[in-house]
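Using the numbering used here, read the sequence shown as starting at 11 and increasing by one per residue. C-beta atoms are modelled at their ideal positions from N, C-alpha and C, and glycine is treated no differently. None of the values given here were measured: they were computed from a predicted structure.
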Amino acid sequence: MKETLIDIKERRSCRKYTAEPVRRGDLEKVLEAGTYAPTGHGSQSPRMVVVTDAAQMKELSILNGRVWGKSVDPFYGAPVAIFVLADKEAPTPLQDASLVMGNLMLAAHAVGLASCWINRGKEMFELPEGQAILKRWRIDPVRYEGLGICIIGHAAAGGVTQAKPRKADYIIYA
């Protein structure tokens, strides 16, 4: 328990990555943690699509950047992107997929990797190009929608900032 609380407090988003590849064993541990996220009614409804291929990463980064309205790499040079998709037919699709994202980021930290939650997954996969990508991945674009993208890799210098102090009114006892 002590290590879990430390990981929760120490994990920070990384916005600058090295080119060092992620070891397959570490990636598998992170993905396994994602499969153990709580889901409504134990449905295990989200889907995770793992992308490590540089050409696919570039294609998806450009699409995400276009949605964002910026011509920068919104994946910050990370070598791995895990696309978490929510099942719209599940009782709690957004909650389920969000918990998967949280587990992925905490597990990445626990194995010594950096991570960041990248938004615009929903908007990416609503575009015709995004719908085509889902079909290419054998994912039903009518049933599944993008929730978030967990990028992971090794942090480059300056990629991670210190935690901000916690707000005094964060917790209210009623």
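In three-state DSSP terms, what is E155?
strand
Measure the beta-carbon distance from A118 to V40 and round it to whole angstroms, keeping in mind my assumption that it falls under 8 Å.
Their Cβ separation, rounded to whole angstroms, is 5 Å, which keeps A118 and V40 in contact under 8 Å.
If you compare alpha carbons, which of K132, A166, V170 is closest to L157?
K132
Can you give me the start and stop residues for the alpha helix (DSSP H) that A64 sits inside?
64-78
Looking at C-beta atoms only, is the number of pairs between the region 71-87 and the region 105-117 that lie closer than 8 Å three or more?
no
Measure from the alpha carbon of R21 to the alpha carbon of each residue in G122, A166, G140, then state which is nearest.
G122
Whole-number beta carbon distance between C160 and I72, since they are thought to touch under 8 Å:
With 8 Å as the limit, I72 and C160 do not qualify as a contact, their Cβ atoms being about 19 Å apart.
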